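Let me begin by presenting the structure, written as structure tokens, before commenting on it.
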Amino acid sequence: MGYLARFDDPTGERFGIPTYNFGSAPKGLCTRRQLAAKGLTRGRQPIAAQIKWRRGRRVAYLYREDLARPKRPATDAQLAALLKAHVAQCICPTCGTEYGYYIPRSLGECLTCHEGAAR
Ligand SMILES: [Zn+2]
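According to numbering that gives the first Met the number 0, the residues represented by the sequence shown are 0 to 118, in order.
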């Protein structure tokens, strides 16, 4: 077994998951960094394989590019929607007062209104 073949284990027989030498991973498998460079994230897929180098002391996990998801950074519109939803949960539907905390869902209104209604 030559040096280059040392960590070659495409079936995962020895290492538990398919293992390749650095630089010899099959096409379609990418590290997280390689996916990120293509604007992708691993999504919810499990680790597909690993590459080893430096006598096996360095390991990087590989993911399938075809299962990767496009990375979607939160846009201003999405952030605004989140903020709006956040604010909406702080506004009492009964009296319309905006609070610095969420209106308790169990009450459905602010404590003042709830106490007023209970009285
Ligand atoms: Zn209220």
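Beta carbons: idealized from backbone N, C-alpha and C, even for Gly.
All of these numbers come straight from a predicted model, not from anything done at the bench.
Best match in the options for proximity to residue i [C-alpha to C-alpha]
i	options	result
ILE16	VAL58, ALA36, LEU39	VAL58
THR40	ALA116, ASP65, TYR98, CYS109	ASP65
GLU97	ILE50, VAL86, PRO103	VAL86
ILE46	LEU61, LYS70, PRO25, GLY95	LEU61
LYS51	THR30, LYS70, ARG71	THR30
Cβ-based neighbour list, residue i, same chain, cut-off 7 Å, excluding 5 preceding and 5 following
i	result
HIS113	LEU106
THR74	none
Segment limits, alpha helix (DSSP H) that includes residue i
i	result
ALA67	Careful: ALA67 lies outside any alpha helix (DSSP H) and carries neither H nor E.
Coarse secondary structure for residue i, derived from DSSP in three states
i	result
LYS37	coil
LEU106	coil
LYS83	helix
THR111	helix
ARG57	strand
ASP75	helix
Contact set for residue i: own chain, Cβ-Cβ below 8 Å, skip 5 residues either direction
i	result
GLY100	This sequence places Tyr at residue 100; Gly is not what is there. Excluding positions up to five away in sequence, the list reads CYS89.
ASP7	THR18, TYR19, ASN20, SER23
THR10	PRO17
Boundaries (first-last residue) of the beta strand (DSSP E) holding residue i
i	result
ALA48	48 to 52
THR18	18 to 20
Residues of its chain near residue i, where Cβ-Cβ distance is below 6 Å and the 5 sequence neighbours each way are ignored
i	result
ARG68	THR40, GLY42
PHE14	ASP8
PRO103	none
Original post:
Quick one, what's near ligand 1 if you take every residue whose CB is closer than 6 Å to any heavy atom, in chain order?
Top reply: CYS91, THR93, CYS94, THR96, GLU108, CYS109, THR111, CYS112
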